[in-house]
Amino acid sequence: MIMTDTYKTITNTIGEGYYTEKRSKFLAFAHHVETIDEVKEIVARYRKEYYDARHVCYAYMLGAARTDFRANDDGEPSSTAGKPILGQINANELTNVLIIVVRYYGGVNLGTGGLIVAYKTAAADAIAHCQIEERQVEEIVSYTFAYPMMNDVMRIVKEMNPRIVSQTYDNTCEIKLSIRQSQAEQLRSRLQKLSFE
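Here is the structure:
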């Protein structure tokens, strides 16, 4: 797999989806998340809010490399809930996303095929109500320098246009810059060269 420095995710607006089959209701919610702690906190909130629901199933994908993920069936037959939800995240090539599907049981069993379709459709509907955006993978570059080098440092910052995360100016100055991953090495070496001029 080619490592790119962009990834697709959803905005912070929660996407909501809905599906109903044989009186069972499936309410789906897609959230933008950055950490596992965030995932746990959101899932706990839904379990509390929908305490009367039979199942609160979910799947998430984290990180630009899309290697950190989990699917949870919450008591549904194995692989009938979490996996179809995760399948929709993968089908849309999304990351940093959590999709929760809350199921209210309607009294009629749907069978494994019916459950897979229901969870998949509800998750897809939630994604359809999200705004998908492409973001850049950024890397932080820190550089410490003497105050007289300020103009040279700022010239590089102006030319390469990284985002300034923090800066301190004293006898010794430090600047932290966030830049697109593919340009981080170039920024680092240009700054390092200043030290030897």
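For the sequence shown, my numbering begins at 47 and goes up steadily by one. All C-beta atoms, glycine included, are put in the ideal place defined by N, C-alpha and C.
Just the C-alpha distance for S124 and V147, rounded to the nearest angstrom, thanks.
Mapped onto the sequence shown, residue 124 falls at position 78. Mapped onto the sequence shown, residue 147 falls at position 101. Whole-angstrom Cα-Cα distance: 15 Å.
Range covered by the beta strand (DSSP E) that runs through E220:
Locating residue 220 in the sequence shown gives position 174, counting from the first residue. Where E220 is concerned, the enclosing beta strand (DSSP E) stretches over T218 to R226.
So, T246 versus R112, is the Cβ gap smaller than 8 Å?
Here the chain has residues from 47 to 243 only, and residue 246 is not among them.
Within its chain, find whatever has a CB closer than 7 Å to the CB of E139; leave out the 5 residues flanking it on each side and keep chain order.
Within the sequence shown, numbered from 1, the residue matching residue 139 stands at position 93. Excluding positions up to five away in sequence, the list reads K54.
Please confirm whether L144 and Y104 have their CB atoms less than 8 Å apart.
The residue you call residue 144 lines up with position 98 of the sequence shown. The residue you call residue 104 lines up with position 58 of the sequence shown. Yes, they are a contact pair.
DSSP state of Q213, grouped into three classes?
Here residue 213 is taken as the residue at index 167 of the sequence shown, counted from 1. Q213: strand per DSSP, three-state reduction.
By DSSP's criteria, A25 is part of a beta bridge. Which residues make up the other side?
Given a span of 47 to 243 for the chain in the structure shown, any question on residue 25 remains unanswerable.
To the nearest angstrom, how far is the alpha carbon of D120 from that of H175?
What you label residue 120 is simply residue 74 of the sequence shown in a count that begins at 1. What you label residue 175 is simply residue 129 of the sequence shown in a count that begins at 1. Distance between the alpha carbons of D120 and H175: 24 Å.
Taking the beta carbon of N118 as the centre, do at least 16 other beta carbons fall within 10 Å, making it buried, or is it exposed?
Numbered from 1 along the sequence shown, position 72 holds the residue referred to as residue 118. Burial call: buried.
Along the chain, where does the alpha helix (DSSP H) containing Y64 start, and where does it finish?
In the sequence shown, residue 64 corresponds to position 18, counting from 1. Element bounds for Y64: not the alpha helix (DSSP H) but the beta strand (DSSP E), G61 to E67.
Chain-order list of residues whose beta-carbon lies under 7 Å from that of K68 (same chain, five-residue window excluded):
As a first step, residue 68 must be located in the sequence shown, where it is residue number 22. Answer for K68: G152, V154 and L156, listed in chain order.
For T81, is the classification buried or exposed, using 16 other Cβ atoms within 10 angstroms of its Cβ as the cut-off for buried?
The sequence position of residue 81 within the sequence shown is 35, counting from 1. The residue is exposed, with fewer than 16 neighbouring Cβ atoms inside 10 Å.
For M200, count neighbouring C-beta atoms within 10 Å of its own C-beta (all shown protein chains included) and say buried if the count is 16 or more, exposed if not.
The residue you call residue 200 lines up with position 154 of the sequence shown. With fewer than 16 Cβ atoms within 10 Å of its Cβ, M200 is classed as exposed.
Near I48, which residues of its chain fall below 6 Å by C-beta distance, leaving aside the five closest residues on each side in sequence?
Position 2 of the sequence shown, counting from 1, holds the residue named residue 48. Summary for I48: the model assigns pLDDT 45, below 50, so the residue's position carries little reliability, and this model does not support an answer.
Per-residue DSSP class, three states only, for L240:
Here residue 240 is taken as the residue at index 194 of the sequence shown, counted from 1. Three-state DSSP puts L240 in a helix.
Can you find the residues in the same chain that come closer than 8 Å, C-beta to C-beta, to Y64, ignoring five residues on each side of it along the sequence?
Numbered from 1 along the sequence shown, position 18 holds the residue referred to as residue 64. Counting only Cβ-Cβ distances below 8 Å, and skipping sequence neighbours, we find K71, F72, L73, A74, A168 and D171.
Examine the Cβ distances between the segment 88-105 and the segment 176-196 and report whether three or more of them are shorter than 8 Å.
no
Nearest candidate by alpha-carbon position, reference Y217, set I56, F191 and K94:
Walking along the sequence shown from the start, residue 217 turns up at place 171. Residue identity differs from the one stated: residue 217 is Asn in this sequence, not Tyr. Considering only alpha carbons, the answer is F191.
Have a look at H78 and L132 and give me their C-alpha separation to the nearest angstrom.
To locate residue 78, count along the sequence shown from 1; it is residue 32. To locate residue 132, count along the sequence shown from 1; it is residue 86. For H78 and L132, the distance between alpha carbons rounds to 14 Å.
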